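Quick note: the sequence shown uses UniProt numbering, first residue 1, plus one each step. Okay, structure first, notes after.
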Amino acid sequence: MPSNLIQKTVYDEATQTLSIWFMPSGNRYDYQDVPPETYAGLRHAFSKGRYFNTFIRNRFRCRQHGAPWTEGLDL
1 MPSNLIQKTV
11 YDEATQTLSI
21 WFMPSGNRYD
31 YQDVPPETYA
41 GLRHAFSKGR
51 YFNTFIRNRF
61 RCRQHGAPWT
71 EGLDL
């Protein structure tokens, strides 16, 4: 099912960095130390927005692309 929140995701398994582009702004946020299982859960979730809000948001260090890392940036 297409998401109303998430436009695109890219996962770098070597660094465990999950990059998420949000709609409608297109802003990219990078989440650090995301386990592969969490990314797999996001990919297979029926509601990607709900999965993101429950299992990713405020649980991993993140930053808006190009900005400093913050602890659990509240979008």
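Cβ atoms here follow ideal geometry from the backbone N, Cα and C, with glycine treated the same way. Every value quoted in this text rests on a predicted model; they were computed, and no experiment measured them.
Neighbourhood of residue i by C-beta distance below 7 angstroms, restricted to the same chain and skipping five residues each side
{"i": "residue 76", "result": "Residue 76 lies beyond the stretch modelled for the chain, which goes from 1 to 75, so this question has no answer here."}
Between the CA atoms of residue j and residue i - distance to the nearest angstrom
{"i": "glutamate 13", "j": "arginine 28", "result": "18 angstroms"}
{"i": "leucine 73", "j": "isoleucine 56", "result": "Summary for leucine 73: the model assigns pLDDT 49, below 50, so the residue's position carries little reliability; its value from the coordinates is reported in the next sentence. Their backbone Cα atoms lie some 11 angstroms apart in a straight line."}
{"i": "asparagine 53", "j": "phenylalanine 60", "result": "12 angstroms"}
{"i": "threonine 15", "j": "leucine 42", "result": "17 angstroms"}
Best match in the options for proximity to residue i [C-alpha to C-alpha]
{"i": "proline 24", "options": "Cys62, Arg50, His65, Leu5", "result": "Leu5"}
{"i": "serine 3", "options": "Thr15, Cys62, Arg50", "result": "Arg50"}
CB contact flag (residue i, residue j, <7 angstroms)
{"i": "isoleucine 20", "j": "threonine 38", "result": "no"}
The alpha helix (DSSP H) enclosing residue i, as first and last residue numbers
{"i": "phenylalanine 60", "result": "Premise fails: phenylalanine 60 is in no alpha helix (DSSP H) and is neither H nor E."}
Residues near residue i in its chain [Cβ-Cβ closer than 8 angstroms; skip 5 each side]
{"i": "tyrosine 11", "result": "Thr17, Leu18, Ser19, Val34, Pro36, Tyr39"}
{"i": "histidine 65", "result": "Ser19, Asn27, Arg28, Tyr29, Asp30"}
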